Amino acid sequence: VTASHNPISFNGLKMVKSQSQPLDDSEFKKIKKTAEKKIFPIKKNKGLLFDKCSESKIAYVNKLLTFIDVKLLPSLNIVINSGNGALGPTFDHFEKKLLKKNKNLNFIKCQHNPDPSFPNGIPNPLLKENHQINKNLVISNKADIGIAFDGDFDRCFFFDEFGVFVPGEYIVGLLAESFLLKEPGSKIIHDARVVWNIQDIVKNNNGFSIASVTGHAFIKKSMRENNAIYGGEMSAHHYFRDFSYCDSGMIPWLLIVELMGKTGKKLSELIKERKEKFPSSGEINFTISQPKKIFEKVLKYYDGQYLSYDNFDGLSLVFKNWRFNLRSSNTEPLVRLNVETKNGSEFLNQCVTELTEILVN
25 VTASHNPISF
35 NGLKMVKSQS
45 QPLDDSEFKK
55 IKKTAEKKIF
65 PIKKNKGLLF
75 DKCSESKIAY
85 VNKLLTFIDV
95 KLLPSLNIVI
105 NSGNGALGPT
115 FDHFEKKLLK
125 KNKNLNFIKC
135 QHNPDPSFPN
145 GIPNPLLKEN
155 HQINKNLVIS
165 NKADIGIAFD
175 GDFDRCFFFD
185 EFGVFVPGEY
195 IVGLLAESFL
205 LKEPGSKIIH
215 DARVVWNIQD
225 IVKNNNGFSI
235 ASVTGHAFIK
245 KSMRENNAIY
255 GGEMSAHHYF
265 RDFSYCDSGM
275 IPWLLIVELM
285 GKTGKKLSEL
295 IKERKEKFPS
305 SGEINFTISQ
315 PKKIFEKVLK
325 YYDGQYLSYD
335 NFDGLSLVFK
345 NWRFNLRSSN
355 TEPLVRLNVE
365 TKNGSEFLNQ
375 CVTELTEILV
385 N
């Protein structure tokens, strides 16, 4: 039962079938049809109800720890911003077990107690206004890294030792590197919005990168089909083969901290080279009522200039030194733009400016 980072008035259900596989559209329609008929077959023999809460906590914590070598975790001050969401009690339980195995980590817990009124604002660390809050927490506590969670803690977001927000596409790259150091030759699934950094890292670490349509159902399906060890989206959804192909907000930060220990580098140092090599615009939203016409306009404008294009997930055009992806929202009259280059941030800004003029005029 979750509404993710939405306000208290929202609620939702996430339903899966055996082995945590997502339901497809036809299965949801069957459920809807049954619910509308209000005819539910009654079982002759009633099932039994077991309280597995305590056992589940222990199993969950033990499972998280299998993803890392606890001895490699370095001495760090870590800000944990729970956003007054659901994380607090689970994190406390995990912290006790972790610190028994490695006392190097010091956690500074902020907005830690669950409070459905969200007195410190909506727990969505992607919002710009929350970037400043987390930056202040990192700096004021002299932390080495800041980790902020959304309401149901299926996503975590990273801030370096200067409080600078780390875009999700670079975290996908670091997590891919982490897994390939553990299991060389593995397959990595990523979304098609921003690809050059992740493809470069996977290639350099002797892995295989495979693009997927954005969305948890597509990523999980592709991971299963390819036996991929990890799948990542720039939106901070990270999926793990050995976690039933499900996403987790706890596993990513453990792997990043472990990677910092392995390399002896700060988070800013791990990211700096990647940002310089493949600058990215981040996702830019435009309110557009007729996306199809805009896609046709963009394709016509760049006719004869691009090296290749595809409609795999939205519209992607590839040039010699830059690339962009345009996707329309499924729920809002929005078009989402992501641009990446190989020619530095100034060239990136030029590309974004040019595309913005095409989209808004």
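Count along the sequence shown starting at 1, add 24, and that's the number in the working numbering.
Where is the CB? At the ideal position from N, CA and C, for every residue including glycine.
Computed from a prediction, not measured in an experiment: that's the story for all the values here.
Whole-number beta carbon distance between residue j and residue i, since they are thought to touch under 8 Å
i, j, result
"Asn-128", "Leu-97", "6 Å"
"Val-363", "Ser-352", "Going by Cβ atoms, the distance from Val-363 to Ser-352 rounds to 17 Å, so no, they are not a contact pair."
"Leu-279", "Leu-341", "Not quite, the Cβ-Cβ distance comes to about 33 Å (not below 8 Å), so this is no contact."
"Lys-206", "Ala-252", "Not really, about 14 Å apart at Cβ, beyond 8 Å."
"Thr-380", "Pro-303", "Thr-380 to Pro-303, Cβ: 16 Å. No contact."
"Asp-184", "Leu-291", "4 Å"
"Pro-46", "Ala-241", "4 Å"
"Asn-158", "Gly-145", "Not really, about 11 Å apart at Cβ, beyond 8 Å."
"Ser-272", "His-262", "7 Å"
"Val-162", "Val-103", "5 Å"
"Ile-382", "Tyr-325", "6 Å"
"Gly-192", "Ser-259", "6 Å"
Residues that residue i bridges to, as DSSP identifies them
i, result
"Asp-271", "Tyr-263"
"Ala-235", "His-214"
"Gly-255", "Ile-213 and Tyr-263"
"Val-40", "Pro-46"
Same chain, Cβ closer than 6 Å to residue i, neighbours up to 5 away in sequence not counted
i, result
"Asn-130", "Asn-101"
"Gly-338", "Asn-349, Leu-350 and Arg-351"
"Asn-35", "Ala-27"
"Pro-149", "Ala-172 and Phe-181"
"Tyr-194", "Ile-295 and Arg-298"
"Phe-319", "Leu-339"
"Trp-277", "Ile-171 and Cys-180"
For residue i, the nearest candidate out of the options (CA to CA)
i, options, result
"Leu-323", "Gly-306, Phe-371, Phe-348 and Phe-310", "Phe-348"
"Glu-356", "His-240, Phe-371, Ile-312 and Phe-182", "Ile-312"
"Ser-50", "Ile-308, Thr-58 and Pro-65", "Thr-58"
"Asn-250", "Leu-379, Arg-265 and Ile-382", "Arg-265"
"Thr-238", "Leu-291, Gln-223, Ile-213 and Trp-220", "Ile-213"
"Asn-165", "Ser-141, Asp-178, Asn-154 and Cys-134", "Cys-134"
"Ala-216", "Ser-305, Asn-148 and Ile-234", "Ile-234"
"Gln-329", "Asn-335, Glu-320 and Lys-344", "Lys-344"
"Asp-93", "Gly-112, Cys-77, Leu-122 and Gly-107", "Leu-122"
"Arg-179", "Leu-111, Val-40 and Met-284", "Leu-111"
"Glu-257", "Ile-169, Val-219 and Glu-293", "Val-219"
"Lys-289", "Phe-115, Ser-99, Lys-53 and Pro-191", "Ser-99"
"Val-281", "Ser-202, Glu-79 and Pro-315", "Ser-202"
"Asn-160", "Ile-55, Val-196, Thr-377 and Gly-187", "Gly-187"
"Asn-367", "Lys-317, Glu-300 and Asn-354", "Glu-300"
"Val-335", "Lys-87, Lys-56 and Ser-236", "Sequence check: residue 335 is Asn here, not Val. For Asn-335, the nearest C-alpha among the options comes from Ser-236."
"Lys-244", "Ile-222, Val-226 and Ser-268", "Ser-268"
"Lys-56", "Met-39, Lys-67 and Asn-69", "Met-39"
"Val-384", "Pro-315, Met-284, Tyr-326 and Ser-42", "Pro-315"
"Ile-387", "Gln-156, Ser-141 and Val-162", "Given that the chain is displayed from residue 25 to residue 385, the structure contains no residue 387 and the question cannot be resolved."
"Gly-285", "Asn-126, Lys-87, Lys-54 and Asn-228", "Asn-126"
"Ile-63", "Lys-70, Lys-54, Gly-71 and His-136", "Lys-54"
"Ile-169", "Asn-221, Asn-105 and Cys-77", "Asn-105"
"Trp-346", "Val-376, Gly-197 and Ala-167", "Val-376"
"Gly-107", "Pro-143, Phe-52 and Leu-72", "Pro-143"
Contacting residues, own chain, Cβ-Cβ under 8 Å from residue i (five flanking each side not counted)
i, result
"His-117", "Lys-81 and Val-85"
"Asn-230", "Leu-204, Pro-208 and Gly-209"
"Leu-331", "Val-342, Phe-343 and Lys-344"
"Ile-222", "Glu-193, Val-196, Gly-197, Ala-200, Ile-212, His-214, Ser-233 and Gly-256"
Residue i: CB within 6 Å of a non-hydrogen atom of the ligand SAH
i, result
"Asn-158", "Ligands in the displayed structure: none, and consequently the ligand SAH is not present."
Cut-off 7 Å between Cβ atoms - residues of its own chain near residue i, not counting five sequence neighbours on either side
i, result
"Leu-37", "Val-25"
"Gly-109", "Pro-138, Pro-147, Phe-173, Asp-174, Gly-175, Asp-176 and Phe-177"
"Leu-372", "Pro-303, Ser-305, Val-363 and Thr-365"
"Ser-369", "Pro-303"
"Asn-309", "Leu-358 and Arg-360"
"Glu-119", "Phe-131"
"Ser-44", "Ser-268, Tyr-269 and Cys-270"
"Arg-248", "Tyr-269"
Below-7 Å beta-carbon distance, residue i vs any chain B residue
i, result
"Tyr-254", "Within the model displayed, chain B is absent; a lone protein chain is all it includes."
Exercise for review: Go through the segment 286-371 residue by residue and report every complete run of the alpha helix (DSSP H) that reaches 4 residues or more, in order.
Suggested key: 291-301 and 315-325
Check your understanding: Which runs of the alpha helix (DSSP H) spanning at least 4 residues fall entirely within the segment 95-136, listed in chain order?
Key -> 111-125
Point to revise | Unbroken stretches of the beta strand (DSSP E), 3 residues or longer, contained in the segment 165-214 | key: 169-173 and 180-183
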